[in-house]
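Report on one structure; see the data block that follows.
Numbering (this note's numbering), first residue to last: -7 to 229.
Take a look at the structure:
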């Protein structure tokens, strides 16, 4: 939800990071600035998933104070290099200097630390990305990747969020490749699948979203009241 109150709430419940989704979420840039401010009232790493692999999107997210940027549809080594360069100041990259909010929040030496403090996280979500996996993981500056399970499933010819053996084998292959390259494997998932993903070796999991959590809790509360009205008072809180 594109509100600072939603971001503040998510930042207060013990999460390691809170991600503002500008790819599929209904969030524009002005929304994201207030949401980043709200996230920094807590301890999670302020993270943004940008709409696409463009230097302007990556740079503006970082200038607004994101300390990690997730980049969708990174399918080739060249695309990964482009994304990393957009998140790094010269000589390591091509990020334009203008940390409008980041510098006041992180300190005057932000620009000296940014190349090491900021995380650029490419998404692995297509068969093409799997084919180029080792090369993507070997790009200097890639410390973590993030699997998009729905798009990866579709790209492999399955329904979104598949648990087909071939899909699960792809997940294991990703984790193994990450271990070889000292890269943190991350993934979008849910509470039901989180334990399986952890056991497979994923170390960075998104387990819910604000709107999903809101709908789930409201549905749960309604069901509890309805059960109570039919006599199941043990369900009432």
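From the three backbone atoms N, C-alpha and C, an ideal C-beta is built for every residue, glycine too.
Predicted, not measured: the structure shown is a model, and the values here were computed from it.
Which same chain residues, not among the five before or five after residue i, have their C-beta less than 8 angstroms away from its C-beta?
i	result
residue 95	102 and 103
residue 190	197
residue 167	177, 192, 193 and 194
residue 54	61, 79, 87, 91, 94, 106 and 110
residue 2	10, 31, 36 and 202
In three-state DSSP terms, what is residue i?
i	result
residue 223	Caution is warranted here: a pLDDT of 48 is assigned to residue 223, below 50, making its placement in the model unreliable, and the coordinate value is therefore given only provisionally. In this structure, residue 223 counts as coil in the three-state DSSP scheme.
residue 60	strand
residue 209	helix
residue 198	strand
residue 65	coil
residue 19	coil
residue 112	strand
residue 5	coil
residue 41	strand
residue 101	coil
Around the C-beta of residue i, are 16 or more other C-beta atoms found within 10 angstroms, so that it is buried, or is it exposed?
i	result
residue 163	buried
residue 203	exposed
residue 155	exposed
residue 57	buried
residue 180	buried
residue 51	buried
residue 108	exposed
residue 160	exposed
Report the CB separation of residue i from residue j in whole angstroms; it is logged as a contact under 8 angstroms.
i	j	result
residue 76	residue 133	4 angstroms
residue 153	residue 147	So it is not a contact: roughly 13 angstroms between Cβ atoms.
residue 117	residue 140	3 angstroms
To which residues of the same chain is residue i closer than 6 angstroms at the C-beta, ignoring the five residues directly before and after it?
i	result
residue 18	-6
residue 72	66, 114, 128 and 131
residue 7	36
Kindly list the residues whose CB is nearer than 7 angstroms to the CB of residue i, restricted to its own chain and excluding five residues on each side of it in sequence; keep chain order.
i	result
residue 14	24, 40, 41, 42 and 43
residue 136	111, 113, 175, 176, 178 and 196
If you scan the stretch 128 to 185 from start to end, which runs of the alpha helix (DSSP H) of 4 or more residues do you find wholly inside it? 141 to 147 and 157 to 173
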